[in-house]
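Q: Numbering (the UniProt record's numbering), first residue to last: 1 to 464.
Virtual Cβ for every residue (Gly too), placed ideally from N, Cα, C.
Before I ask anything, here is the structure I am working with.
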């Protein structure tokens, strides 16, 4: 095998997102993408003319929805890649951008994840062709004949298998959900910010056996974005190094034939997550013991239970007692899903990976100062797509230091939006949008003034 070419380090210098809310006809994906992208560019302190590649991440939508979003900033002729990899779509876009920048194809990339979803359970979008998860359904019914169709059975069976095999009980699922809802109360972007007791979660509507509604993620609308730059570019802009966060390690994997379908846990990515974590940690030259904060893919509390184990955050087989001992919240071994996770923050599929990135960037900068995992040097992100793909990313501060609580006054000076975006939500202003639009290649989608400004205002729709 030929040696791999040398790679540049890649850094996140800007992030931004919209609130995640229940599906609403008044909020459309162009406006969502415009808001998140504007915030990320403002955070990075750059103009769209600096962007050399765009990655649009969404699971539901027509094939050039990405161009529809990016053209609002200007038609600059850059390559725009539309990315769809199920629930791992956002992190897959980050992976592709990092690969491109690390190999010198570009120096600045903008990744925007967005989703406009239908209310209720996910349903098959195309009814004249094979179901993408059809093989998973066949394997699920072979392993668990009494299952019901749908993702809740796939993930629920995985959680029940873990409980049967290892040191876990069904109440651990409710406790995981309780902690996520507790964390979300301090995240202004979360779809749900209500704090629930353990009994309230256990006694909410039963959806599959002992799995209740409050243990499951909702359908959501929303967007998130990140600006990535090469080491060469960052060296030319040393003033940004204090808030630059390195993607120090990353891995994307899919199912392997020797484990696929041999257990309910592997059917929903336990083995994928384990392999991706090992590879990403090796790429970053760190161990799992160094991780102080983690955003993981808790589409269901059952998946968080098995993923805690798969990532190596606990001793194998001990995820239940790890949760019961308070190890996944503030003051525990590792702060898991300080954002509230998918369960409480929401899960607009294409935006989820970018929202996880934003939270970890804010954590490592010390900006998430109302929910911080202090004294942290390493953060880990896990994003799963059933069907399947697992993406694990490892983040470090560019200066190698551990994080500490940052003052809001200092954050407001550095953030580019004039306030702390980690703890406060504001909609972008027309002046802010104008400041990031292409100056060289403006067009009727991006031009601001007169009727076009009215149209732009319509795209910046009310959140509710």
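Which residues mark the beginning and the end of the alpha helix (DSSP H) in which residue 436 is found?
A: Unbroken alpha helix (DSSP H) run through residue 436: 430 to 436.
Q: Along the alpha helix (DSSP H) that carries residue 380, what are the first and last residues, could you check?
A: Note, residue 380: premise wrong, no alpha helix (DSSP H); beta strand (DSSP E) at 378 to 385.
Q: Three or more C-beta pairs under 8 Å: does that hold for the stretch 275 to 288 against the stretch 154 to 166?
A: No: fewer than three Cβ pairs fall under 8 Å.
Q: Since residue 17 sits in a beta bridge, which residues does DSSP pair it with?
A: Paired residues: 224.
Q: Whole angstroms are fine: how far does the CA of residue 295 sit from the CA of residue 245?
A: Their Cα atoms are separated by approximately 15 Å.
Q: Whose CA, out of 179, 254 and 215, lies closest to the CA of residue 153?
A: It is 215.
Q: Answer yes or no: do residue 225 and residue 81 have a C-beta to C-beta separation smaller than 8 Å?
A: Result no, Cβ atoms of residue 225 and residue 81 do not sit closer than 8 Å.
Q: Taking the straight line between their C-alpha atoms, what separation do you get for residue 254 and residue 386?
A: So the alpha carbons of these two residues sit roughly 10 Å apart.
Q: Using a Cβ-Cβ cutoff of less than 6 Å, which residues in the same chain neighbour residue 421 once the five nearest sequence positions on both sides are dropped?
A: Closer than 6 Å at the Cβ level, and outside the excluded window around residue 421, lie 415.
Q: Thinking C-beta only, is residue 86 closer than 8 Å to residue 389?
A: In contact: residue 389 and residue 86 (Cβ atoms closer than 8 Å).
Q: Please name the residue, chosen from 108, 148 and 336, that lies closest to residue 47 on a Cα-to-Cα basis.
A: With distances taken between Cα atoms, residue 47 lies closest to 108.
Q: Taking its Cβ as the centre, do 16 or more other Cβ atoms sit within 10 Å of residue 348, making it buried, or is it exposed?
A: So residue 348 counts as buried.
Q: Helix or strand or just coil, what does DSSP make of residue 82?
A: In this structure, residue 82 counts as strand in the three-state DSSP scheme.
Q: If you drop the 5 nearest sequence neighbours on each side, which residues of the same chain put their C-beta closer than 7 Å to that of residue 132?
A: Same-chain partners within the cutoff: 387.
Q: Is the CB-CB distance between residue 114 and residue 40 below 8 Å?
A: Cβ atoms of residue 114 and residue 40: not closer than 8 Å.
Q: Could you tell me whether the Cβ atoms of residue 29 and residue 83 are closer together than 8 Å?
A: Cβ atoms of residue 29 and residue 83: not closer than 8 Å.
Q: Alpha carbon to alpha carbon, how far is residue 425 from residue 418?
A: Cα to Cα, the separation comes out at about 12 Å.
Q: Where does residue 287 sit, in a helix, a strand or coil, going by DSSP?
A: Correct three-state label for residue 287: coil.
Q: Could you give the DSSP three-state label for residue 215: helix, strand or coil?
A: DSSP places residue 215 in helix when its eight states are reduced to three.
Q: By a C-beta neighbour count over all protein chains shown, 10 Å radius and 16 as the cutoff for buried, is residue 129 buried or exposed?
A: Flag for residue 129 reads exposed.
Q: With 16 as the cutoff for other CB atoms within 10 Å, does residue 35 come out buried or exposed?
A: The residue is buried, with at least 16 neighbouring Cβ atoms inside 10 Å.
Q: Which runs of the alpha helix (DSSP H) fall wholly inside the stretch 46 to 118 and span at least 4 residues, in chain order?
A: The qualifying runs are 65 to 70 and 89 to 102.
Q: Based on Cα-Cα distance, which residue from 379, 32, 319 and 62 lies nearest to residue 73?
A: Nearest option by C-alpha distance: 32.
Q: May I ask you to report which of helix, strand or coil DSSP gives residue 251?
A: Strand.
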